[in-house]
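S.K.: The structure that follows is given in the form of structure tokens.
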Amino acid sequence: MTLKKIYFFLLEPYGPQGWWPLLECEGGNPTKTGAMNGYHPGDYSYPKTDEQRFEICVGAILTQNTSWVQVEKALQNLKQLRALRPEAMLKLELRKLKQAIKPAGYFNQKARKIKLFTAFYQKLNGKIPRREELLNVWGIGPETADSIQLYAYRQPSFVIDAYTKRIFSRIGICRENVKYEELQALFEKELKPDPHLYSEYHALIVEHAKRYCRKKPLCKECPLLSVCSFGQHKSSIRLL
DNA sequence: AACCAGGACGTGA
DNA sequence: TCACGTCATGGT
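As structure tokens, this is what we get:
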């Protein structure tokens with residue numbers, strides 16, 4: 018009940034976020050960050066094509082510990098090179114790949130990760146990968162695996178990230194060093210396994226963390242002020 | 001001019 | 001298991 022209530026507390030002020038952002042989609046909205054056209058609020062029917070699915074996977078790797086604006090630039094470069102398809106990506110010279118994704122940082126590691134993932138992706142031949150399979154690919158950790166599951170394949174895996182831990186530990190629901198699978202299990206227990214709900218919730222969490230629940234939080238006008246125990250003495254509603 | 005961003009891996013205790 | 005160092009660019 019608590020987690021579902023918080024969901025609506027976020028949805029009301031922010032509205033549907035239109036994740037996962039794509040380079041382009043019909044009737045998409047401009048990003049808040051860059052000049053892309055890929056947010057599609059309220060439309061959960063993406064990816065519509067296999068190219069979009071692959072683009073989401075690559076974006077999920079590129080955005081590891083990196084802001085999305087930088088990832089947009091990298092994706093644009095890859096698009097320019099026509100490399101946002103598995104076959105082309107595997108053929109692309111390693112140094113050209115590194116050059117293209119340089120804006121997103123960690124380009125040595127990420128180039129290798131993308132190559133390895135692409136080989137894995139191609140072997141799937143359209144099948145949906147299991148979470149364990151994804152985790153066995155070098156460079157795919159829990160968050161990236163769940164992002165791919167949820168946004169590329171519409172599987173009900175709840176994505177946990179640093180923002181999720183920050184927000185929900187401040188609220189008082191968990192501690193700040195809660196383990197990934199532990200917090201994920203809580204969300205997946207409290208919420209029905211609906212990919213639309215999971216997608217929207219995670220996107221809202223990111224938006225909320227950027228707007229109010231920053232490192233230095235802006236608690237004054239926070240929409241969650243009434244349910245948050247941060248900096249207060251009110252009894253916490255700790256579930257973990 | 002530090003600090004941070006939609007993490008993951010390798011290492012040594 | 002776990003804490004810590006490393007990877008790298010660009011925006012604020």
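Residue numbers (my numbering): 18 to 257.
We put the CB at the ideal spot given by N, CA and C, even for glycine.
Source: prediction; values computed, not measured.
#1: Quick one: residues in its chain with C-beta nearer than 6 Å to the C-beta of Cys42, no 5 flanking neighbours on either side, listed in chain order?
#2: Quickly, what does DSSP pair Tyr56 with across the bridge? List them, please.
#3: Mind checking Trp5: buried by the 16 CB within 10 Å criterion, or exposed?
#4: Quick check on the DSSP output: the alpha helix (DSSP H) that includes Asp67 runs from which residue to which?
#5: Taking Arg148 as part of the alpha helix (DSSP H), name the residues at either end of that continuous run.
#6: Helix, strand or coil, according to DSSP, for Glu238 in the structure here?
#7: How would you label Gly44, buried or exposed, when you count the other beta carbons within 10 angstroms and need 16 or more for buried?
#8: Of the choices Phe26, Leu114, Lys144 and Cys245, whose alpha-carbon is the least far from that of Leu133?
#9: Would you tell me roughly how many angstroms separate the C-alpha atoms of Cys191 and Gln97, rounded to the nearest one?
#10: Would Lys140 and Leu79 be called neighbours here (beta carbons separated by less than 8 Å)?
#11: Tell me the rounded alpha-carbon separation between Phe124 and Lys21.
#12: Enumerated in chain order, which unbroken segments of the beta strand (DSSP E) with a length of 3 residues or greater are wholly contained in the region 188-223?
#13: Measuring only the C-alpha atoms, how far is Trp36 from Leu221?
M.R.: Reading it off the structure:
#1: Gly55 and His57
#2: Asn46
#3: A query on residue 5 cannot be resolved here, the shown segment of the chain reaching from 18 to 257 and no further.
#4: Asp67 to Leu79
#5: Arg148 to Leu152
#6: coil
#7: exposed
#8: Leu114
#9: 44 Å
#10: no
#11: 38 Å
#12: none
#13: 9 Å
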